[in-house]
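The structure under discussion appears below in the form of structure tokens.
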Amino acid sequence: MKLDLRKIYRFEAVEHGAGTPLPTGGDVFYECMECNTVISSVPYTPAACDCGNLSGNKGATTIRDSAKVKPVRGRLK
Ligand SMILES: [Zn+2]
């Protein structure tokens, strides 16, 4: 079952300089600009976006193309 995190969190963009590593953290999420899926930057259960650019598990995310990823900070609604 797929959970739409936008129903639970309000997301805002995180400042992120080009060429620097993406931020990670319990309140940081990655939005895939290819398929619009949002997943946690530190997923503790298997997570992946629809197009396969982002996949994660056990607290780490694998990113195929970081140019297509927008880091966002999530706050519970
Ligand atoms: Zn994607």
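Each residue of the sequence shown is one higher than the one before, counting from 17 in my numbering.
C-beta: ideal position from N, C-alpha, C; glycine also.
Three-state secondary structure (DSSP) of residue i
| i | result |
| --- | --- |
| K96 | Residue 96 lies beyond the stretch modelled for the chain, which goes from 17 to 93, so this question has no answer here. |
| K93 | coil |
| A83 | helix |
Beta-carbon separation (whole angstroms), residue i vs residue j, contact threshold 8 Å
| i | j | result |
| --- | --- | --- |
| V85 | C48 | 6 Å |
| R91 | Y25 | 6 Å |
Opening and closing residue of the beta strand (DSSP E) in which residue i lies
| i | result |
| --- | --- |
| R26 | Y25 to A29 |
| V58 | Looking at the DSSP string, V58 is not in any beta strand (DSSP E), and its letter there is neither H nor E. |
| C48 | V44 to C48 |
Residue(s) in a DSSP beta bridge with residue i
| i | result |
| --- | --- |
| A64 | S71 |
Check: Residues near ligand 1, CB to any non-hydrogen atom under 7 Å, in chain order?
Finding: In chain order, the hits are C48, E50, C51, T53, C65, D66, C67, G68, N69 and L70.
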